[in-house]
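In this note's numbering, the protein residues as written are -7 to 680.
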Amino acid sequence: MTDAKNAPERDSTPNATQPQPPQSDRQVDRQASLSDRQVDRPWLFRTYAGHSTAKASNELYRGNLAKGQTGLSVAFDLPTQTGYDSDHELAKGEVGKVGVPVSHLGDMRMLFDNIPLEKMNTSMTINATAPWLLALYIAAAEEQGADITKLQGTVQNDIIKEYLSRGTYVCPPKPSLRMITDVAAYTREHLPKWNPMNVCSYHLQEAGATPEQELAFALATAIAVLDDLKEKVPTAAFPAMVGRISFFVNAGIRFVTEMCKMRAFVELWDEITRARYGVEEAKFRRFRYGVQVNSLGLTEQQPENNVYRILIEMLAVTLSKNARARAVQLPAWNEALGLPRPFDQQWSLRMQQILAYETDLLEYDDLFDQNPAVDRKVAALKEGARAELATLDGMGGAIEAIEYMKSRLVEANAERITKIEGGETVVVGVNRWTVGEPSPLTAGDGSIMKSDPAAEADQIGRLEAWRAQRDEAAVQTALANLRAACKSNTNVMPASIDAAKAGATTGEWGDVVRSVFGQYRGPTGVSANPSNRTEGLDDIRAEVARVAALLGRKPKFLVGKPGLDGHSNGAEQIAARARDVGMDIEYEGIRLTPTEIVDAAKRDGADVVGLSILSGSHLPLIAELMDRMRDAGLGQTPVVVGGIIPEEDAKSLRDMGVARVYTPKDFELNRIMFDIVALIEPAQTPAP
-7 MTDAKNAPER DSTPNATQPQ PPQSDRQVDR QASLSDRQVD RPWLFRTYAG
43 HSTAKASNEL YRGNLAKGQT GLSVAFDLPT QTGYDSDHEL AKGEVGKVGV
93 PVSHLGDMRM LFDNIPLEKM NTSMTINATA PWLLALYIAA AEEQGADITK
143 LQGTVQNDII KEYLSRGTYV CPPKPSLRMI TDVAAYTREH LPKWNPMNVC
193 SYHLQEAGAT PEQELAFALA TAIAVLDDLK EKVPTAAFPA MVGRISFFVN
243 AGIRFVTEMC KMRAFVELWD EITRARYGVE EAKFRRFRYG VQVNSLGLTE
293 QQPENNVYRI LIEMLAVTLS KNARARAVQL PAWNEALGLP RPFDQQWSLR
343 MQQILAYETD LLEYDDLFDQ NPAVDRKVAA LKEGARAELA TLDGMGGAIE
393 AIEYMKSRLV EANAERITKI EGGETVVVGV NRWTVGEPSP LTAGDGSIMK
443 SDPAAEADQI GRLEAWRAQR DEAAVQTALA NLRAACKSNT NVMPASIDAA
493 KAGATTGEWG DVVRSVFGQY RGPTGVSANP SNRTEGLDDI RAEVARVAAL
543 LGRKPKFLVG KPGLDGHSNG AEQIAARARD VGMDIEYEGI RLTPTEIVDA
593 AKRDGADVVG LSILSGSHLP LIAELMDRMR DAGLGQTPVV VGGIIPEEDA
643 KSLRDMGVAR VYTPKDFELN RIMFDIVALI EPAQTPAP
C-alpha cells in the first residue's frame, strides 16, 4: 500500500524528460517571492469512516490513504460505543450500521491490517468505552512491533457531551470522569504523543447550542477533566498534560460567527490555562482542535447544495491562521440521504486538498487580525461564554450541571427549528427556492451506499469462533483483575490492556464496568411544563383542543427511541412541540427496547406511539415492535416513525402497519402535529 503519510503531498518538480515551456518574468518573480515566504504545513486530512466489518473498513481506510488522506478517523458502531458484543440482544440490527464493530483484539487487528500504526495518526471517536478501545489499539500496535511511545492519535473520551447530546454513555458521571483521567494519566507515562481526550463541542452544536453555549459547555467540560487529572499526575508534569488535551468542534454555515467563535476559543483557553492552572509555557496553552463541519445543516432536499455548505463551513476553520484547525474531516454531500459511497468521501477529501495546495491560503499571516468587526464579535462571544461559565461554576461545575445544560440545549434547538419553520432563518431549497431540477446525483439505486445485510451474521460468526478458541481461564483471570482495579483506585488501563491481550470482548469489558460503577440514564431535557413559545401554534392548539373534547381528556402521545441510537434531538423536539400544543406526552429518553416501549404504551393508554431511529436499524427494530404491539392487543394504536429512511424502506415500514414515516425533509413540526391529531381522532371516536 501507499504510505500516504510519508508520500509527497504534491509533485511540484517538472518532469525532466519532457520539454518545459519558457517562463515569463512574472512567473519567475512569483516563484522567487514564494521561495522567500514561509509556507505553513497543511492540517491533517481525515475522513470519518467505518462500516459493516473490520475487513471492509480496512479496505476503505487503505483506499482513502492511497488517495491522499493523511490521518485516520474511525467510526465505531453503536454496540461497540456502548459496551456490548455484536450478538447481544440490544445489538440486534445495529451491528456495522453507523461504524465498524470491534468486539475483540482480532477485530482490531483486522481493522488495521497492513496499516503501520507507528507511522499513523489515528482519531477514534469513542467515549464511554474509550479505555477499552485504546487498550485494543495498543495491543494491536504491539503485535505489529510498534514502539508504543511513538503512537500518535486521539481518543475522543468526552463522556459529558454524551449525556448532553450523543447518548452513548454507559456509567454515571463520576466514575466515567475517573476513567477519562485514568486514560490521560496512563498516556502521560506510556504514550506521550497521544491525545487522551478530545473535548467535543461538535455534538453540542448539533443539539442546537448557541455559539456562547458551545464555548462555555466545552470549556466547562475541559475544566472538570483537568481538575480531576491534576490529582493523578506529578505537579511538574501537569502543564504538559494540559497541552495534550485537544478539542473537536463544529463549524456551521454562519461563516463569520463560526470563525470568530474559533478565535474566542483560542483566547478563552489561553486565559483559563494561564489563570486557573498556572501554565506558563505558551505551547501548552495552545488551543489544539480538529473539526468536522456541520452535519445538522445538510439537507435531504436539493442535496447538491450541501457541497457549497461544506466548503463554506470549512473556510471558517481554515482561513484564520491563529485559529486554524489541526485536523479537518468533512461529511459527504449526501449524508442526509444515507451512507456515503467511497466516491462521495473522495469528493470531500479533494475539497480539502484543493484549498490546501492549489490556493495560497497557507502562505500568509492571519487575515483577520485587527479587523474591528471581527474583534467586536469575538469580544461579544467571550462575554456570553464567560457569563455561562460563571453560571456553571456556581452550580459546582459541568458534572453537577448536566441537567441544566441539557435543558438549555433542548430549548435552544427548539428556537432554531421555530425560526426555520417561520422562515426567519433561510435554508435554500428547504423553506425558500424549493422549486428546482431533479438531481442526477441522486438518481438510480447506486446514489448511496447500502450496508451489507450479511455483515451482522459474519461478525457474530467470527465472534463465536473467537470465544471458542481463546484461553477461557486467562480471560476470566484478566476480567477479575479488571474488576478489582475498578473497585479500587487503581488505574483501569493496565488491566484493560491485559484483558485485551487475553482475548476478552467489548461486551465483557462493558459488563465489568457496569457491574462495578452502575448504569446511567441521562436527562431528556424535555420539561413537563409547556414553554413560552406560542407564535404560530394557534391553529394546531385549537385542533388538539377539539380532539381532546371528543376524548374527554388530552391526547396521549408516547415518544420512544428503540435500539442503541442516542441521537435524540429529533425525538426531543417532537415531544416538546406535542407538549406545547396541548398533548399529554410521555418521553423517557433513549435506548429503550421494543418491549419497554410496548409496555409503556399499554400502561399509559397511548393514543399514538412515535419512534425515532437515526442509526439505520429501523427495519428490524420496527418489525419487532409492531409484532409486540399486536401481541399486546395494541394493533390498532397508530405508530409513526422518523429517521434517515430511504423510500424503499419507508414502503416496507408502511407495509408493516406504520401509519406515517418522516425523514429530515419533514422539518415543519406543526404539520407533523396535525398528522398525529388526525390519527388519534378516527382511532378513538366511534363511527356514526
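Backbone N, C-alpha and C fix where the C-beta goes; we use that ideal spot for every residue, glycine too.
Which residues in the same chain as R400 place their Cβ atom closer than 7 Å to its Cβ, once the five residues preceding and following it in sequence are excluded? Q205
Could you spell out the range, first to last residue, of the alpha helix (DSSP H) harbouring L603? No alpha helix (DSSP H) holds L603; the beta strand (DSSP E) holding it covers 600 to 604.
If I measure Cβ to Cβ from S312 and keep anything under 8 Å in the same chain, skipping five residues before and after, which residues do I get? Answer for S312: M251, M254, R255, D358, L359, F360, listed in chain order.
Neighbourhood of A232 by C-beta distance below 7 Å, restricted to the same chain and skipping five residues each side: In chain order, F276 place their CB closer than 7 Å to the CB of A232, counting only its own chain and leaving out the 5 sequence neighbours on each side.
Do the stretch 539 to 551 and the stretch 492 to 511 touch if we need at least three Cβ pairs shorter than 8 Å? no
Would you call the stretch 65 to 75 in contact with the stretch 410 to 429, where contact means no fewer than 3 C-beta pairs closer than 8 Å? no
Measuring straight from C-alpha to C-alpha, what distance separates L373 and S480? 43 Å
If L474 sits next to S488, beta carbons under 8 Å apart, how far is it from one beta carbon to the other, in whole angstroms? 6 Å
Going straight from the alpha carbon of R533 to that of A404, what length do you get? 22 Å
Limits of the alpha helix (DSSP H) - the one that Q345 falls within: 334 to 349
In or out: F549 buried (at least 16 other Cβ within 10 Å) or exposed? With 16 or more Cβ atoms within 10 Å of its Cβ, F549 is classed as buried.
What three-state label does DSSP hand S287 in the structure shown? coil
Residue environment, Y178, which counts as buried when at least 16 other CB atoms sit within 10 Å: buried
Environment of V248 [buried if 16+ CB atoms lie within 10 Å]: exposed
Quick one: what's got a C-beta closer than 6 Å to Y40's C-beta in the same chain, skipping five residues either side? These residues qualify, in order along the chain: S65, A67, Q321.
If you draw a straight line from the alpha carbon of K546 to that of D503, how long is it in whole angstroms? 42 Å
Output the distance between the C-alpha atoms of A466 and A460, rounded to the nearest integer angstrom. 13 Å
Please list the segments of the alpha helix (DSSP H) lying wholly inside the stretch 114 to 189, counting only runs of 4 or more residues, in order along the chain. If you keep only unbroken alpha helix (DSSP H) runs of at least 4 residues inside the stretch 114 to 189, you get 122 to 135, 165 to 182.
Residues in its own chain within less than 6 Å of Q19 by CB, not counting five upstream and five downstream? Because the pLDDT at Q19 is just 41, under 50, the model does not fix this residue reliably, and the point stays unresolved.
Compare the C-alpha of D576 against each of M665, V653, K47 and name the closest. M665
Pick from I614, A476, G562, G574: whose alpha carbon is nearest that of S523? G574
Can the beta-carbon of Y194 be found closer than 8 Å to that of G514? no
So what does DSSP say about K84, is it helix, strand or coil? coil
Output needed for I672: all residues of its chain with C-beta closer than 7 Å, excluding positions within five of it in sequence on either side, in chain order. V539, P547, D599, V600
Check the DSSP bridge columns for K548 and list the partner residues they point to. In the DSSP output, where bridge partners are listed per residue, K548 has D576.
If you check the beta carbons only, do T72 and T498 fall under 8 Å apart? yes
Between W325 and P364, which are expected to be in contact by the criterion C-beta below 8 Å, what is the C-beta distance as a whole number of angstroms? No, W325 and P364 are not in contact; Cβ-Cβ is about 36 Å, not under 8 Å.
Evaluate contact between the stretch 556 to 568 and the stretch 587 to 606, counting only Cβ atoms and requiring at least three cross-stretch pairs below 8 Å. yes
Cβ-Cβ distance between I452 and D220 below 8 Å: no
Contact check, G634 vs E86 under 8 Å by CB: the rounded distance? Not quite, the Cβ-Cβ distance comes to about 17 Å (not below 8 Å), so this is no contact.
Where in the stretch 438 to 524 do unbroken runs of the alpha helix (DSSP H), each at least 4 residues long, occur, reported from the N-terminal end onward? 447 to 461, 464 to 479, 484 to 494, 498 to 509
Between S287 and the rest of its own chain, which residues show a CB-CB distance below 7 Å, the 5 nearest in sequence each way excluded? Contacts found: E198, P323, E327.
Could you spell out where the alpha helix (DSSP H) holding V217 opens and where it closes? Where V217 is concerned, the enclosing alpha helix (DSSP H) stretches over 203 to 221.
Buried or exposed (CB count within 10 angstroms, at least 16 for buried), Q511: exposed
For Y654, does the count of other Cβ atoms within 10 angstroms reach 16, so buried, or fall short, so exposed? buried
Give the C-beta separation of I130 and I140 to the nearest angstrom, bearing in mind that I take them to be a contact with Cβ-Cβ under 8 Å. 6 Å
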